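Notes for the one structure printed next.
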Amino acid sequence: MTTTAHTALGGALGALGLPSPASFVLWAVSHYPLDLIPHWDLKRTWIDTVFTFGSLGALFFLFGPGPVFWGGLGGALPDLEHLLPIRRKLYPSHGPRHGRALPFSHAAEQLVLIVLCAAFLARYGR
Ligand SMILES: [Zn+2]
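In terms of this note's numbering, the sequence shown opens at residue 1027 and continues consecutively.
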């Protein structure tokens, strides 16, 4: 799953009312099952990085340094290792268990997920 989608979902679920540390840990851990689902991934990591940092900036600007921001950061953090020059990935879902790669036609599913998360945050985010 793209890091932007992990960030959006983490931010949205950060709005459920858990304290910031719980939101952060919950979403760092929940990154795992989301990566197992067959999905399309951006091949150009820098594009996903730009969108992820933009999303995190928006979460911080709109909702402050609370659970929404920490949920988004927790969702994104495991993918940070994709930016590192390491051969063997450390996060468990980034190895052989990673979900099957789907073609670009499945990008719309993540776009829908991101839009739904933004709509949820617009309604319930604080
Ligand atoms: Zn990942």
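Ideal Cβ placement from N, Cα and C applies to all residues, glycine included. Because the structure is a prediction, the values reported are computed rather than measured.
- The residue from Gly1097, Ser1056 and Ile1073 with its alpha-carbon nearest to that of Pro1118 is Ser1056.
- Between Phe1050 and Gly1100, the C-beta spacing is below 8 Å.
- When Cβ pairs closer than 8 Å are counted between the two stretches, the stretch 1036–1052 is seen to touch the stretch 1138–1152, the count reaching three or more.
- For the pair His1120 and Cys1143, the Cα-to-Cα distance works out to about 24 Å.
- Non-local beta-carbon contacts of Phe1077 in its own chain, meaning distances under 6 Å to residues more than five positions away in sequence, involve Thr1030 in chain order.
- Taking C-beta atoms as the reference points, Leu1062 and His1032 fail to come closer than 8 Å.
- DSSP, reduced to helix, strand and coil, places Ala1041 outside both helices and strands of the structure shown, so it counts as coil.
- The DSSP-derived three-state label of His1124 is coil.
- Membership of Trp1053 in the alpha helix (DSSP H) is indicated by the continuous run Ser1046 to Leu1062.
- DSSP places Gly1080 in the uninterrupted alpha helix (DSSP H) bounded by Thr1071 to Phe1089.
- By alpha-carbon distance to Ser1046, the top candidate from Thr1071, Leu1106 and Phe1089 is Phe1089.
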